[in-house]
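Asker:
In the numbering used here, the protein residues as written are 2 to 110.
Below, the structure written as structure tokens:
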């Protein structure tokens with residue numbers, strides 16, 4: 002989105018420029034404490050060398066449910082890791098700031 006900004010007004014003279022702002026800080030999805038717990042538990046089990054199938058089996062044996070209250074499957078274990086990675090990449094992405102050339106506008110009123 003480009004918005005014309007008037008930074009300086011002095012006796013009918015305006016210093017103008019366009020600024021383009023792109024941000025990932027306008028809306029955040031909330032990661033609940035339980036979702037963090039599940040993600041950390043899966044990461045820990047993955048670091049121990051377990052595969053998705055064994056992680057799902059272990060979580061179900063420990064009666065740990067998904068954030069929606071369902072049993073774990075290998076695909077849901079993979080999904081937790083994948084979605085957290087995508088979320089972190091989106092929130093940590095840097096955007097280039099763009100400011101156009103400056104120009105003066107004169108108002109003879």
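All C-beta atoms in this analysis are idealised placements derived from N, C-alpha and C, irrespective of residue type, glycine included.
None of the values given here were measured: they were computed from a predicted structure.
(1) Can residue 57 and residue 75 be called in contact, C-beta distance under 7 Å?
(2) Using the Cβ count rule (16 or more neighbours within 10 Å means buried), how would you classify residue 14?
(3) I'd like to know whether the C-beta atoms of residue 81 and residue 31 end up nearer to each other than 7 Å.
(4) If you follow the alpha helix (DSSP H) that residue 38 is in, where does it begin and where does it stop?
(5) What's the C-alpha gap between residue 90 and residue 108?
(6) Compute the beta-carbon to beta-carbon distance between residue 68 and residue 33, rounded to the nearest angstrom, for a pair I have assumed lies under 8 Å.
(7) Kindly indicate which residue of 84, 50, 42, 83 has the alpha-carbon position closest to the one of residue 64.
(8) How is residue 87 classed by DSSP in three states: helix, strand or coil?
(9) Quick one: using the 10 Å Cβ neighbour count with 16 as the cut-off for buried, is residue 60 buried or exposed?
Answerer: Considering the structure as presented:
(1) Counted from its first residue, the chain shown places residue 57 at position 56. Counted from its first residue, the chain shown places residue 75 at position 74. Yes, the pair counts as a contact, with Cβ atoms nearer than the cut-off.
(2) Here residue 14 refers to the residue found at position 13 of the chain shown. Residue 14 is exposed by the Cβ-count criterion.
(3) Along the chain shown, read from residue 1 onward, the residue named residue 81 stands at position 80. Along the chain shown, read from residue 1 onward, the residue named residue 31 stands at position 30. No, Cβ-Cβ distance for residue 81 and residue 31 is not below 7 Å.
(4) On the chain shown, position 37 is the one that residue 38 refers to. Per DSSP, residue 38 belongs to the alpha helix (DSSP H) from 34–48.
(5) To locate residue 90, count along the chain shown from 1; it is residue 89. To locate residue 108, count along the chain shown from 1; it is residue 107. The straight-line gap from Cα to Cα measures roughly 46 Å.
(6) Against the chain shown, residue 68 aligns to sequence position 67. Against the chain shown, residue 33 aligns to sequence position 32. Going by Cβ atoms, the distance from residue 68 to residue 33 rounds to 7 Å, so yes, they are a contact pair.
(7) Counted from its first residue, the chain shown places residue 64 at position 63. Looking at the Cα atoms, 42 is the closest of the given residues.
(8) Looking up residue 87 in the chain shown gives position 86. It is helical.
(9) For the purposes of this step, residue 60 is identified with residue 59 of the chain shown, where counting begins at 1. Buried, by the Cβ-count rule.
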